Amino acid sequence: MSLFGALFSGVTGLRAQSQSLSIISDNISNLNTTGYKATVNQFSTLVTNQVSSTSYSSGGVLSHPVQLIDSQGLLEASESPTDVAITGQGFFVVNTNSTGGTAGVNLFTRAGSFRTDLNGNLFNTAGFYLQGWPTDSLGNVLPGYSTSTLDDLETVNVNAIKGSAQATSSISIGANLPAAAATGDSHNTNIVIYDSLGISHNLGLSWVKAGANQWDIGVSPTPGSALTTLRDSAGAAYASVGRLDFSGQPTDGETITIGGTTYEFDNNAAVGGGNTAVTIGTDLPTTLANLVTAVGDARVTQGTGTDNTSVFINQSAAGAALTVDASGTTEVAQSTAFTVPALTASTPAITFAGDGTPSSFNVSTIDIAWANGASPSTGITLGLGTVGKGDGLTQFSDAFATNFVQQNGVPFGVFSGVSIADDGIVSALFDNGVTRAIYRLPIATFSNADALAAQTGNAYAATTSSGNPLINLPGVGPAGRIKSGSLEASTVDLAEEFTRMIISQRAFSAASKVITTSDQMLDDLTRIIR
Numbered sequence: 006m007s008l009f010g011a012l013f014s015g016v017t018g019l020r021a022q023s024q025s026l027s028i029i030s031d032n033i034s035n036l037n038t039t040g041y042k043a044t045v046n047q048f049s050t051l052v053t054n055q056v057s058s059t060s061y062s063s064g065g066v067l068s069h070p071v072q073l074i075d076s077q078g079l080l081e082a083s084e085s086p087t088d089v090a091i092t093g094q095g096f097f098v099v100n101t102n103s104t105g106g107t108a109g110v111n112l113f114t115r116a117g118s119f120r121t122d123l124n125g126n127l128f129n130t131a132g133f134y135l136q137g138w139p140t141d142s143l144g145n146v147l148p149g150y151s152t153s154t155l156d157d158l159e160t161v162n163v164n165a166i167k168g169s170a171q172a173t174s175s176i177s178i179g180a181n182l183p184a185a186a187a188t189g190d191s192h193n194t195n196i197v198i199y200d201s202l203g204i205s206h207n208l209g210l211s212w213v214k215a216g217a218n219q220w221d222i223g224v225s226p227t228p229g230s231a232l233t234t235l236r237d238s239a240g241a242a243y244a245s246v247g248r249l250d251f252s253g254q255p256t257d258g259e260t261i262t263i264g265g266t267t268y269e270f271d272n273n274a275a276v277g278g279g280n281t282a283v284t285i286g287t288d289l290p291t292t293l294a295n296l297v298t299a300v301g302d303a304r305v306t307q308g309t310g311t312d313n314t315s316v317f318i319n320q321s322a323a324g325a326a327l328t329v330d331a332s333g334t335t336e337v338a339q340s341t342a343f344t345v346p347a348l349t350a351s352t353p354a355i356t357f358a359g360d361g362t363p364s365s366f367n368v369s370t371i372d373i374a375w376a377n378g379a380s381p382s383t384g385i386t387l388g389l390g391t392v393g394k395g396d397g398l399t400q401f402s403d404a405f406a407t408n409f410v411q412q413n414g415v416p417f418g419v420f421s422g423v424s425i426a427d428d429g430i431v432s433a434l435f436d437n438g439v440t441r442a443i444y445r446l447p448i449a450t451f452s453n454a455d456a457l458a459a460q461t462g463n464a465y466a467a468t469t470s471s472g473n474p475l476i477n478l479p480g481v482g483p484a485g486r487i488k489s490g491s492l493e494a495s496t497v498d499l500a501e502e503f504t505r506m507i508i509s510q511r512a513f514s515a516a517s518k519v520i521t522t523s524d525q526m527l528d529d530l531t532r533i534i535r
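What follows is the structure, given as structure tokens:
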């Protein structure tokens, strides 16, 4: 009988509107949930297929919740540098376990409010840990890590980053060399540079007038170094100087080898076979003066003033390579043997055009071998300006003047925070101004994101309907870009939800009226037999 059909149809209406209200309540509850994607309820008819020209059997209504996961929420500014949002398609990859990998389960989320836990792992408010690939200091993913799968992802951890120093790798100088200077006139520029340990050193360069519109560059022996060499763009040695720093008087029998000859410090005129005696004087400067005299090579000199306890090896244009080995003297800081190379670049270091701008440079880099355990500083770029422009060295009639000296080395700095760039590079920040990349974040996209399975904590799991995740770097292919210092707001529209709530309430009331009316009609039917 159609009365029972009407009754059952009303029941389906109650059920459908109840589910609609449940969805609306969830949306309103998550109005302020970061990255939350609203769900809408859609209805479809339930047909029994028992309709004819003379009869009708009601079916009712079905309710279908639809997740709008691929909708973009508005971005809201945040004061935390580890708060990140995605503009465009995709999801952050997170893991349920702090160690990442197979220890937990990979999930996908747009909730990018990340903080560090006690162990330095980045996790969001739901307790899921951010995943990324480890990188070198330039942001390149380390070899052996695949950027196309989830298998090589690791939990982003900043606890291992304690401090950092940055060795000088480039120097830029702007100065005016006086055009009226006489041949042989020289001027000096001192530059503070840093080795790989963050220790500062004073590098001295000298500008020597070589002729009309031509200048040579000399280098002073840098304290704390063993060997300093200027090279041209082809790698040929233009100028080179070695240094030996003595911390005290050598004792009887100690030796030092210079240019293949072994010199033995002696206080009793008895030296080893083939060694050349060096008389130990009343003090260290006197002893070193005796050493320089014994060597008898104009390239080997004793320092003056505060450097009178040092011996320098200044390579000359005609001098052959000179090997120095002071391992036999414990008082010498430069105990590792080094060779002062022969000079193979002979043209002037700088040639100027008639308008005072440089027309050519013959010095390109600086190599420094340190004596304090720091890694060698090889290939320090020496920027002297642009040919034909006055943006570096110039030659005008004014006096010598250094306009600027810039170098990119910094001393040791303590870890001070984390930043995340738009391309997904996670960088460690240090209080000395250094920024060092440590991780690269992936973006996961799906062919059918709306079919992902929602999980507690505003995250999603892949399903057969969503397809497998496609892993890309931010901004590559379908992957969106990352916006740091931002959070994605919920896509819930409160006005729209209230409107739907009113409609659902009215529809529920109407369906209940159908049930009440059907009940009354059935009651009337049963009264007929009385």
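Take any residue in the sequence shown, note its place counting from 1, add 5, and you have its number in my numbering. Backbone N, C-alpha and C fix where the C-beta goes; we use that ideal spot for every residue, glycine too. Here the structure is a predicted model, which means the values were calculated and not measured.
Residue i - containing beta strand (DSSP E), residue span
| i | result |
| --- | --- |
| T50 | T44 to L51 |
| N319 | S315 to N319 |
| S471 | Where S471 is concerned, there is no enclosing beta strand (DSSP E), given that its DSSP letter is neither H nor E. |
| S421 | V415 to I425 |
| S382 | S382 to G388 |
| T114 | N111 to T114 |
| Q525 | No beta strand (DSSP E) contains Q525, which is instead part of the alpha helix (DSSP H) from L499 to R532. |
| L73 | Counting along the chain, L73 falls outside any beta strand (DSSP E), and DSSP gives it neither H nor E. |
| T349 | No beta strand (DSSP E) contains T349, which DSSP labels as neither H nor E. |
Proximity of residue i and residue j at Cβ, strictly below 8 Å
| i | j | result |
| --- | --- | --- |
| D455 | I29 | no |
| Q94 | G414 | no |
| S351 | V392 | no |
| G388 | D372 | no |
| A276 | L296 | Note on identity: in this sequence residue 276 is Val, with Ala being the wrong assignment. The answer is no: Cβ separation not under 8 Å. |
| V519 | L36 | no |
| E336 | P255 | yes |
| P183 | F409 | no |
| T160 | G209 | no |
| V163 | L135 | no |
| T87 | F119 | yes |
| L457 | A466 | yes |
| G169 | R441 | Note on residue identity: the sequence assigns Ser, not Gly, to residue 169. A contact, by the Cβ cut-off of 8 Å. |
| T44 | Q72 | yes |
Where the alpha helix (DSSP H) containing residue i begins and where it ends
| i | result |
| --- | --- |
| P290 | L289 to V300 |
| N207 | First-last for N207: S205 to G216, but that is the beta strand (DSSP E), not the alpha helix (DSSP H). |
| F9 | S7 to S34 |
| F167 | Just to set this straight, residue 167 is Lys in the shown sequence, not Phe. Segment: none, K167 is in no alpha helix (DSSP H) and carries neither H nor E. |
Nonlocal neighbours in the same chain, by C-beta distance under 8 Å from residue i, ignoring five residues either side
| i | result |
| --- | --- |
| V213 | G189, D190, S191, W220, D221, I222 and G223 |
| N379 | Looking at the sequence itself, residue 379 is Ala, so the reference to Asn does not match. Excluding residues within five positions, the ones whose Cβ falls inside 8 Å are A172, D200, S201, L202 and I204. |
| A242 | T234, L235, R236, Q320, P346, A347, L348, T349 and A350 |
| A185 | S402 |
| T461 | A131 |
| G18 | G65, V66, A512, F513, A515, A516 and V519 |
| T281 | T266, T267, Y268, E269 and A299 |
Residues near residue i in its chain [Cβ-Cβ closer than 6 Å; skip 5 each side]
| i | result |
| --- | --- |
| P381 | A374 |
| T260 | T267, E269 and G333 |
Outcome for residue i when other beta-carbon atoms lying within 10 angstroms are tallied against a minimum of 16
| i | result |
| --- | --- |
| S470 | exposed |
| Q47 | exposed |
| L446 | buried |
| N145 | exposed |
| Y61 | exposed |
| P148 | exposed |
| N288 | Contrary to the premise, residue 288 reads as Asp rather than Asn in this sequence. When all chains shown are included, D288 counts as exposed. |
| P353 | buried |
| P483 | exposed |
| T521 | exposed |
| S25 | buried |
| D156 | exposed |
Best match in the options for proximity to residue i [C-alpha to C-alpha]
| i | options | result |
| --- | --- | --- |
| A323 | G15, A244, S230 and A331 | A244 |
| A342 | T328, S489 and T335 | T328 |
| R20 | T39, S7, H69 and Y61 | H69 |
| S252 | T292, S225 and T262 | T292 |
| A433 | G258, E502, A43 and G125 | G125 |
| I430 | S151, G137 and F97 | G137 |
| I263 | G64, T344 and N111 | T344 |
| E501 | F420, L51 and I33 | I33 |
| G359 | G395, S225, D436 and S76 | G395 |
| D302 | G265, G278 and T314 | G265 |
| L123 | A165, F451 and N195 | A165 |
| G78 | G15, Y41 and V481 | Y41 |
Proximal residues to residue i (C-beta, below 7 Å), its chain only, five neighbours per side dropped
| i | result |
| --- | --- |
| A90 | L80, G117, K488, S491, L492 and E493 |
| T38 | N463 and S495 |
| I318 | V246, G247, R304, V305, L327, V329 and V345 |
| S340 | A331 and S332 |
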